[in-house]
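**Q** What follows is a single structure, and I will ask about it in a moment.
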Amino acid sequence: MSGSMTSVTGLNNNEYQIARGQVLNRNTGLDKTCNFVKADFMKMPFPDNSFDAIYAIEATCHAPDPVGCYKEIYRVLKPGQCFAAYEWCMTNAFDIRNKGHQKIKAEIELGNGLPDVRATGQCLDALKQAGFEVIWDKDLAANSPIPWYLPLDKSHFSLSSFRLTAVGRFVTRNMEGDLHTNVFLLGSEASFG
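The sequence shown begins at 443 in our numbering and counts up by one.
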């Protein structure tokens, strides 16, 4: 972003996650153009029409009221601009009578601290009720060469799923300073196949 007029504002209600983000921004030289605001996304402390674009990754699925959350996003987004989100949603393939599907849904809810994983249709309807025009939606897991659940499979080990193991959680909690750089370099230099 050197020389760019672009700025990025992260919104989060978790002080620890903000502190981690600030360290990462400083370490990568992005602290002049990227900042964080500690706030509730249901009551954003920004004026109407503040942002040129907004994105959310596995965030709005935590909203107690998706329509209210999306309305707040719509309010702070400049007219005609885009909001993009990547969320946990249950697709049309989910069968509530299928015990296996119920187990997967329960594990997603537990692992992500969600009271419920909403159906894709519920999310799309909430966006429309908030005033958005949905121009594109897609199940990105449907055509992925790697199954979405692979990192959760304890019988499969990969560097990307290492952080989910007991040892990985210990390492990431206690050696945070250099771990991000080291894991990135290891991942970029390693060859798999």
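All C-beta atoms, glycine included, are put in the ideal place defined by N, C-alpha and C.
Measuring only the C-alpha atoms, how far is residue 465 from residue 527?
**A** Spanning the two alpha carbons is a distance of roughly 25 angstroms.
**Q** Select from 452, 510, 468, 561 the residue whose C-alpha is nearest the C-alpha of residue 529.
**A** 561
**Q** Only counting the same chain, and skipping five residues up and downstream in sequence, which positions put a Cβ closer than 8 angstroms to that of residue 550?
**A** The residues are 530, 556, 559.
**Q** Taking the alpha-carbon of residue 479 as reference, which of 498, 451, 494, 501 has the nearest alpha-carbon?
**A** That would be 451, whose Cα lies nearest to the Cα of residue 479.
**Q** Cutting at 8 angstroms between CB atoms, please list the residues of its own chain near residue 506, excluding the five before and the five after it.
**A** Non-local beta-carbon contacts of residue 506 in its own chain, meaning distances under 8 angstroms to residues more than five positions away in sequence, involve 484 in chain order.
**Q** Which class does residue 555 belong to by DSSP, given the choice of helix, strand or coil?
**A** coil
**Q** Go to residue 566, then tell me how far its alpha helix (DSSP H) extends in each direction, as first and last residue.
**A** Residue 566 -> alpha helix (DSSP H) spans 562-571.
**Q** Here's a check: name, in chain order, each residue in its chain whose Cβ is nearer than 6 angstroms to the Cβ of residue 512, leaving out the five neighbours to either side.
**A** 568, 569, 572
**Q** Out of 489, 538, 533, which one is the CA nearest neighbour of residue 514?
**A** Checked all of 489, 538, 533; the closest Cα to residue 514 is 489.
**Q** Skipping 5 residues on each side, what residues in its chain have a beta carbon closer than 7 angstroms to that of residue 494?
**A** 520, 523
**Q** In whole angstroms, give me the CA-to-CA distance for residue 456 and residue 469.
**A** 20 angstroms
**Q** Quick one: is residue 584 buried, meaning 16 or more other Cβ sit within 10 Å of its Cβ, or exposed?
**A** exposed
**Q** From residue 580 to residue 474, what does the alpha carbon distance come to, in whole angstroms?
**A** 34 angstroms
**Q** Starting from residue 460, trace the alpha helix (DSSP H) in both directions and tell me its first and last residue.
**A** 457-469
**Q** Output the distance between the C-alpha atoms of residue 518 and residue 496, rounded to the nearest integer angstrom.
**A** Roughly 9 angstroms between the two C-alpha positions.
**Q** Could I get the ranges of all uninterrupted beta strand (DSSP E) runs contained in the segment 492-563, with 3 residues as the minimum, in chain order?
**A** Runs found: 493-499, 519-528.
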